[in-house]
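Trainee: I have a structure here, written as structure tokens, and I will follow up with some questions on it.
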Amino acid sequence: MKNQKAIGYENQNVFITGAAGGLGRVLAAECAHRGYNLFLTDVNEEGLLCIREGLERQFGVTVAAKACDLTCNESVDEMLGIIDKSNIRFDILLNIAGLDYEGGFTCRERENIVKIVTLNDAATLRITHAILERRRKGRRFTAVFVSSLASMFPMPLKATYAASKRFLLDFSTALRQELKNHNVNVLALCPGGMVTTKETTEAICAQGFWGSATTNPLESVAAKTLNRAFGGKGIYIPGGLNRTLSFIGKFIPRSLAAQLIYRRWNRAQNKWLNNGNENSVTV
Numbered sequence: 171m172k173n174q175k176a177i178g179y180e181n182q183n184v185f186i187t188g189a190a191g192g193l194g195r196v197l198a199a200e201c202a203h204r205g206y207n208l209f210l211t212d213v214n215e216e217g218l219l220c221i222r223e224g225l226e227r228q229f230g231v232t233v234a235a236k237a238c239d240l241t242c243n244e245s246v247d248e249m250l251g252i253i254d255k256s257n258i259r260f261d262i263l264l265n266i267a268g269l270d271y272e273g274g275f276t277c278r279e280r281e282n283i284v285k286i287v288t289l290n291d292a293a294t295l296r297i298t299h300a301i302l303e304r305r306r307k308g309r310r311f312t313a314v315f316v317s318s319l320a321s322m323f324p325m326p327l328k329a330t331y332a333a334s335k336r337f338l339l340d341f342s343t344a345l346r347q348e349l350k351n352h353n354v355n356v357l358a359l360c361p362g363g364m365v366t367t368k369e370t371t372e373a374i375c376a377q378g379f380w381g382s383a384t385t386n387p388l389e390s391v392a393a394k395t396l397n398r399a400f401g402g403k404g405i406y407i408p409g410g411l412n413r414t415l416s417f418i419g420k421f422i423p424r425s426l427a428a429q430l431i432y433r434r435w436n437r438a439q440n441k442w443l444n445n446g447n448e449n450s451v452t453v
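Under my numbering, the first residue of the sequence shown is numbered 171, with each subsequent residue one higher.
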């Protein structure tokens, strides 16, 4: 790990969404290990309080936590009221919260399809705008958006999820340009698979070779994401194979890419769903 104090990233205040599990939990631990102060939020209150206590005990950093439904204006406003009452201002925003529902578009319940976009996109915009207004003056600000390797391609059977992640990729790229003269850096993280829950593990296994080959270890992704964001990078695709697939995808007609991806995902999802898996997948 780089010496963050040597490059001016000591005493950081970090806001993390989706912090109770998966990548959010690992990023919270990585930030605490570096000595940063944390404000954590997640809809899972029990998991949130558990990680707060663990990080405070292990690393001796200041950790605040507030359970929040990021898709609900009232819940977000309540959390922001606590932040403002304590006059907390931030240096880093890590937008981790997101989800997917496996299966074809017409095979999923309508509200579940809408919920993917509501959390992945609308809620991310809501919290990003709020935290940018609460960034610490006179300091470098860093924002990270979790997009996906899926954002690089049209994805039959994951159409809504991939489109929601494409939105985040394009939005973060545009926001990076918009705010670069305001001492703000924006990075889009575009990982392949990540082992975040039991459901994601089973989904990755159902993909066979390609599932395991494109999967990224969480701890490595967390550390390298922060280092690249602090280094001023605008996009990070973990894994050599994933970067190669992204590069090749630029030269393949999108209709052909959709056809090839459909063949892969049709087999994988049939195997996964036929084993009785119909729950959402946290990403």
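Yeah, the Cβ is synthetic: ideal placement off N, Cα and C, and Gly gets one too.
For clarity, every value in this text was computed on a predicted model and none was experimentally measured.
Whose C-alpha, out of I407, F421, G230, G224, is nearest the C-alpha of N207?
Mentor: When each option's Cα is compared against that of N207, the closest is G230.
Trainee: Would S342 be called buried (16 or more neighbouring beta carbons within 10 Å of its own) or exposed?
Mentor: Counting Cβ neighbours within 10 Å, S342 comes out buried, since at least 16 surround it.
Trainee: Should D340 go down as buried or exposed, given a rule of 16 or more other Cβ atoms within 10 Å for buried?
Mentor: By the 10 Å Cβ count, D340 comes out exposed.
Trainee: Between R306 and D261, how many whole angstroms is the CB-CB distance? I'm expecting something under 8 Å.
Mentor: Contact holds; Cβ gap of about 5 Å.
Trainee: Can you list, in chain order, the residues of its chain whose CB lies under 8 Å from that of A332, leaving out five sequence neighbours each side?
Mentor: Contacts found: S318, A320, S321, F323, P324, M325.
Trainee: With distances taken Cα to Cα, identify the nearest neighbour of Y432 among L327, V316, A313, L349.
Mentor: Cα-wise, what sits closest to Y432 is L327.
Trainee: Would you list the residues sitting across from T343 in a DSSP beta bridge?
Mentor: DSSP output for T343 lists no bridge partner at all.
Trainee: Going by DSSP, what residue range makes up the alpha helix (DSSP H) through A234?
Mentor: Counting along the chain, A234 falls outside any alpha helix (DSSP H), though it belongs to the beta strand (DSSP E) covering 233-237.
Trainee: When DSSP builds the beta bridges, which residues end up paired with D212?
Mentor: Per DSSP, A237.
Trainee: Within the continuous alpha helix (DSSP H) that includes I253, where are the two ends?
Mentor: Residues 243-255.
Trainee: Check whether the Cβ of Y432 lies closer than 8 Å to any Cβ atom in chain C.
Mentor: Annotation note: the requested chain C is absent from the structure, which comprises a single protein chain.
Trainee: Where does the unbroken alpha helix (DSSP H) through N282 begin, and where does it stop?
Mentor: Unbroken alpha helix (DSSP H) run through N282: 280-287.
Trainee: Where does the unbroken beta strand (DSSP E) through F185 begin, and where does it stop?
Mentor: 183-186 is the span of the beta strand (DSSP E), which, as asked, contains F185.
Trainee: Expressed to the nearest angstrom, what Euclidean distance is found between the alpha-carbon atoms of D247 and N214?
Mentor: For D247 and N214, the distance between alpha carbons rounds to 18 Å.
Trainee: N265 and T187 look like a contact to me (Cβ under 8 Å); what is the Cβ gap, rounded to whole Å?
Mentor: Yes, they are in contact, since the Cβ atoms of N265 and T187 sit about 6 Å apart, within 8 Å.
Trainee: Would F209 be called buried (16 or more neighbouring beta carbons within 10 Å of its own) or exposed?
Mentor: So F209 counts as buried.
Trainee: What do you get for Q429, buried or exposed, if any count of 16 or more other CB atoms within 10 angstroms of its CB means buried?
Mentor: So Q429 ends up on the exposed side.
Trainee: Please state the DSSP three-state secondary structure of F323.
Mentor: If DSSP states are grouped into helix, strand and coil, F323 belongs with coil.
Trainee: Within the continuous beta strand (DSSP E) that includes F315, where are the two ends?
Mentor: Its beta strand (DSSP E) spans residues 311-316.
Trainee: Quick one: using the 10 Å Cβ neighbour count with 16 as the cut-off for buried, is K285 buried or exposed?
Mentor: K285 is buried by the Cβ-count criterion.
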